[in-house]
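Asks: Position 97 of the sequence shown, counted from 1, bears residue number 97 in UniProt numbering, the numbering being contiguous throughout.
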Amino acid sequence: MATEPATSSDEFDVIVIGGGPAGEVVAEAAIRGSERTAAIVERELLGGECSYWACMPSKALLHPGEVLRGAQHMGGVTAQGLDRAAVFARRDSFTHATDGVHDDSAQLEWARSAGIEVVHGDARVTGERVVSVDGRTLRARHAVVVATGTTAAIPPTPGLTEALPWISRDATAVREMPRRVAVIGGGVVACESATWLSDLGADVTLLVRGTSLLTNAEPFAGERVRDALIARGVTILFDTSARSVHRHDPRDTGVGRIHGGPVTLDLGGGEPLVVDEVIAATGRRPATSDIGLDRWRNDHGYLDADEHLTVDGTWLYAVGDANGRALLTHEGKYQARIAGDVIAARAEGRPLDGPRFRVRDGLVTQVVFTTPQLAAVGLTERQARVRGADVVVVAQDIEVAGAALARDDFAGRVQLVADRATRTLLGATFVGTEVAELVHAASIAVAGRVAVDDLWHAVPAYPTVSEVWVGLLDELRGAL
Ligand SMILES: Cc1cc2nc3c(=O)[nH]c(=O)nc-3n(C[C@H](O)[C@H](O)[C@H](O)COP(=O)(O)OP(=O)(O)OC[C@H]3O[C@@H](n4cnc5c(N)ncnc54)[C@H](O)[C@@H]3O)c2cc1C
Ligand SMILES: NC(=O)c1ccc[n+]([C@@H]2O[C@H](COP(=O)([O-])OP(=O)(O)OC[C@H]3O[C@@H](n4cnc5c(N)ncnc54)[C@H](O)[C@@H]3O)[C@@H](O)[C@H]2O)c1
C-alpha cells in the first residue's frame, strides 16, 4: 500500500478505528503504563453500539420483568406490575439519553483520563499505518486496529426496507410502544426483544423461517425459551417468512418511535398479518465495507484475524465484532486485551511468549437474558462431535433445595459435554430461572481444563442452586 505524509501532531503509536467496547479496551491496553500514545476514531458515540443501543438498554429493559416474575412467584410478596414510563426512564439513565439523544461525555472523560485522544469522524485506511479522517491524515507508528463493529442487516423482502422497519436500535430505544409487533427472526435479538416488548404490554408475533429458536445453542435450551414465550402469550409462527411487506404511510419519526401507519405482512397463504410495527431482528453486517480494507474482507465481510488478532501479520489488527469471531461484548473485550498486550510487546521488542498473547477458540460464553435465561460456554454436543471428540453428555433438571428456596416457580436444566479422552468439560448449557450467574463456574472448568475428578472436590454451598453440580458430576464420573 502507498503511504501518505502526516504531520507529527497527527502521529500516534496506536490508532483504533471505532470506539465501542472492543476499541476502548484495546486502546487502553496498548498504552497502559507506557509513554505510548493512542487515538480512537469514532464517527458516532464513544461507547459504541453496546452502551447506547444494544447490551445496556436491552438488559435495562429485561431485568424489571425478571424481577416482577420473581416477586409474583415468591410466597408472601405482593407484586404491583411494571410502570412503563419508569422502566424507560431507568433504561435512559443507563444509556445517558434525554429525549432520545445520547450523551457520551462520561466516556470522553474516561478516554482523557486514560491518555487516549478521541478523533471524531469517519475513518478510512489509506496506506500502511495511515488513516484518513474526513480529510485529516493520521499515522500510526505501531498499529492500526479495526474495531468498527456491525450494523443491523435487513433482509431483501419486497417492501420491507420501504416500510422503514424497526431494527434493534429502535427496539432497545423504544419510546413509543406499538400495540401489535411482528419480529422477524428467531435469534438472540428476536427472543430478547419479544420478551421485553411483551413484558411492557405489546402483542408480539415472532416470524421464524426455521423450526426452532436460538439455533446456535443446545436444542433443549431453545425449546424451553420457546415454550415459555408461548406460555406468556407470544405467538410464534415457525417455518414462516414474510413474502412481502406493505406499510401505509411510512414515516421516519425517529429511533424508537412508530414509523408510520399499520404494516401488512403477506405470509404466503391465509390471512395477512397486520401490526403496528415490524422489527428486523435478522442478524448483523460487519461495518467494514467502506474503510479501505476490501482486500482483507472475507466472504461475509469480516476481517479474519489470527490468534494474535492481526489481519496482515504485522501492523493491522481487528478486534470485536469486526472480525466475526464472536459477536459479543465480553468476547470483543477479551480479544482487545490480548491485542493490546501483543501491540505493547511488539512495540517494546518483547517476544510473544505465553498464553496471554493468543486467543483461544471454543471457549465462548454467552447469556441470553430471556425468561428462562440461557447461559452457555464452550462447545455444544454437536460442535464437539464435529471436532471429533469422544463425547460424553449428561443432563439433569435443576431440582435442589437452593432452587426451591429461590423462587416458587424455579425450573431449569443443565447439560454438560465432556471429553472422554481428557476427562474434562468441553461445554455446558444452563437454561432456567436466573441461571446467568451460574455459568462462570463452568467457564472456569472449561477454560482451565479442570479434570472432572478434581471438580468433584469443588463443593457448592448448601442451599444454593449450584448444588446441581453434585448430581451432574456424579453422573458424569460414572459415564466417563
Ligand atoms: C440488541 C442487542 C443486544 C445485545 N446484547 C448483548 C449482551 O447482552 N451481551 C453481549 O455480550 N453482547 C450483546 N450484544 C452484542 C454487542 O452489542 C456487540 O458484540 C458489541 O457492541 C461489539 O462491540 P465492538 O466494539 O466490536 O463494536 P460496536 O459496539 O459496534 O462499536 C463499533 C464502533 O465503531 C464505530 N465505527 C464504525 N465504523 C467506523 C468508521 N469507519 N470510522 C469511525 N468509527 C466507526 C461505530 O460508530 C461504533 O461506535 C447485543 C447486540 C444487540 C444488537
Ligand atoms: N445477550 C446477548 O449476548 C446478546 C443479545 C443480543 C444480541 N447478541 C448478539 O448479537 C448478534 C446479532 O443477534 P441477532 O439475533 O440479530 O442475530 P442471530 O444471528 O442470532 O439471529 C438472526 C435470526 O434471523 C434469522 N434470519 C436471518 N435472515 C433472515 C431472513 N432473510 N428472513 C428471515 N429470518 C432471517 C435467522 O434465521 C436467525 O433466527 C448475535 O450474534 C448475538 O450473539 C447477543
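The C-beta atom is built at its ideal place from N, Cα and C for all residues, glycine as well.
Could you check if P158 belongs to the surroundings of ligand 1, using beta carbon to heavy atom distance under 7 Å?
Replies: Not so, every heavy atom of ligand 1 lies at least 7 Å from the Cβ.
Asks: Considering only residues of the same chain and omitting the five flanking positions on each side of W296, which have a CB-CB separation below 6 Å?
Replies: L303 and V311, listed in sequence order.
Asks: Start and end of the beta strand (DSSP E) containing V431?
Replies: Residues T424 to G432.
Asks: Report whether the distance from the Cβ of D321 to the nearest heavy atom of ligand 1 is below 7 Å.
Replies: D321: yes, Cβ under 7 Å from ligand 1.
Asks: Can you grab the Cα-Cα spacing for the pair V468 / L438, in whole Å?
Replies: Near 10 Å, if we compare the C-alpha coordinates of L438 and V468.
Asks: If you measure between the beta carbons of A347 and R36, is that distance less than 8 Å?
Replies: Cβ atoms of A347 and R36: closer than 8 Å.
Asks: Take G68 as the anchor and find which of A421, P262 and R407 has the nearest alpha-carbon.
Replies: Going by the sequence as given, residue 68 is Leu instead of Gly. For the residues A421, P262 and R407, the minimum Cα distance to L68 belongs to R407.
Asks: Using three-state DSSP, classify G261 as helix, strand or coil.
Replies: G261: coil per DSSP, three-state reduction.
Asks: Taking 7 Å as the cut-off, is the C-beta of F369 nearer than that to any heavy atom in ligand 2?
Replies: For ligand 2, at least one heavy atom lies less than 7 Å from the Cβ of F369.
Asks: Grouping DSSP H, G and I as helix and E and B as strand, with all else coil, what is residue 485?
Replies: Because the chain in this structure spans residues 1 to 480, residue 485 falls outside the shown range and cannot be described.
Asks: Using the Cβ count rule (16 or more neighbours within 10 Å means buried), how would you classify G121?
Replies: Per the 10 Å Cβ criterion, exposed.
Asks: Give me, in chain order, the residues of the same chain whose beta-carbon lies closer than 7 Å to that of A2; leave out the 5 immediate sequence neighbours on both sides.
Replies: Note that A2 scores 43 on pLDDT, short of 50, meaning its location in the model is unreliable; the coordinates nonetheless yield the value given after this. Closer than 7 Å at the Cβ level, and outside the excluded window around A2, lie G127.
Asks: Comparing alpha-carbon positions, which option in D321, R337, P155 and D419 lies nearest T281?
Replies: Before going on, a small fix: residue 281 reads as Ala here, not Thr. Here the closest residue by C-alpha is P155.
Asks: With C-beta atoms as the reference, is L82 less than 8 Å away from D199?
Replies: In contact: L82 and D199 (Cβ atoms closer than 8 Å).
Asks: Within 7 Å: the Cβ of D99 and any heavy atom of ligand 1?
Replies: No, since every heavy atom of ligand 1 falls outside the 7 Å radius drawn around the Cβ of D99.
Asks: Going by C-alpha to C-alpha distance, which of G340, V119, R180 and T422 sits closest to V134?
Replies: A small fix is needed here, since residue 134 is Asp in this sequence, not Val. It is V119 whose Cα lies nearest to the Cα of D134.
Asks: For W166, does the three-state DSSP call read helix, strand or coil?
Replies: Three-state result, W166: strand.
Asks: So D409 packs on H73, CB below 8 Å; how close in whole Å?
Replies: Contact holds; Cβ gap of about 4 Å.
Asks: Less than 8 Å between the beta carbons of H246 and A163, yes or no?
Replies: Yes; because the gap between Cβ atoms is below 8 Å, this pair is in contact.
Asks: Using CA atoms only, rank isn't needed, just tell me which of R226, G283 and R180 is closest to V276.
Replies: For the sequence presented, residue 276 should be read as Asp rather than Val. The shortest C-alpha separation from D276 is found at R180.
Asks: I'd like to know whether the C-beta atoms of P272 and G260 end up nearer to each other than 8 Å.
Replies: In this structure, G260 does not lie closer than 8 Å to P272 by Cβ.
Asks: As a quick exercise: from A447, Y334, P165 and F220, pick the residue whose alpha carbon is nearest that of Q396.
Replies: The residue with the shortest Cα to Cα distance from Q396 is F220.
Asks: Please list the terminal residues of the continuous beta strand (DSSP E) segment that includes T195.
Replies: Here T195 belongs to no beta strand (DSSP E); instead the alpha helix (DSSP H) covers V188 to D199.
Asks: Does the beta-carbon of S466, which I'm using as the reference point, lie nearer than 7 Å to any heavy atom of ligand 2?
Replies: Checking every heavy atom of ligand 2 against the Cβ of S466, none is found closer than 7 Å.
Asks: Just verifying my parser: in three-state terms, what is the DSSP assignment at Y462?
Replies: Of the three classes helix, strand and coil, the one that applies to Y462 here is coil, per DSSP.
Asks: Which one of P21, V130 and A85 has the shortest CA to CA distance from D10?
Replies: Ranking P21, V130 and A85 by Cα distance to D10 puts V130 first.
Asks: To which residues of the same chain is G186 closer than 6 Å at the C-beta, ignoring the five residues directly before and after it?
Replies: Taken in chain order, the residues that qualify are V208 and L213.
Asks: Can you list, in chain order, the residues of its chain with a C-beta nearer than 7 Å to that of L473? Leave out the 5 residues immediately preceding and following it.
Replies: Here the set comprises V452, L455 and W456.
Asks: Applying the 10 Å Cβ sphere with the 16-neighbour rule, what's the burial state of I279?
Replies: Counting Cβ neighbours within 10 Å, I279 comes out buried, since at least 16 surround it.
Asks: Just mark Y52 as buried or exposed, buried being the case when its beta carbon has 16 or more other beta carbons within 10 Å.
Replies: When all chains shown are included, Y52 counts as buried.
Asks: Quick check: does the Cβ of S132 come within less than 7 Å of any heavy atom belonging to ligand 2?
Replies: Checking every heavy atom of ligand 2 against the Cβ of S132, none is found closer than 7 Å.
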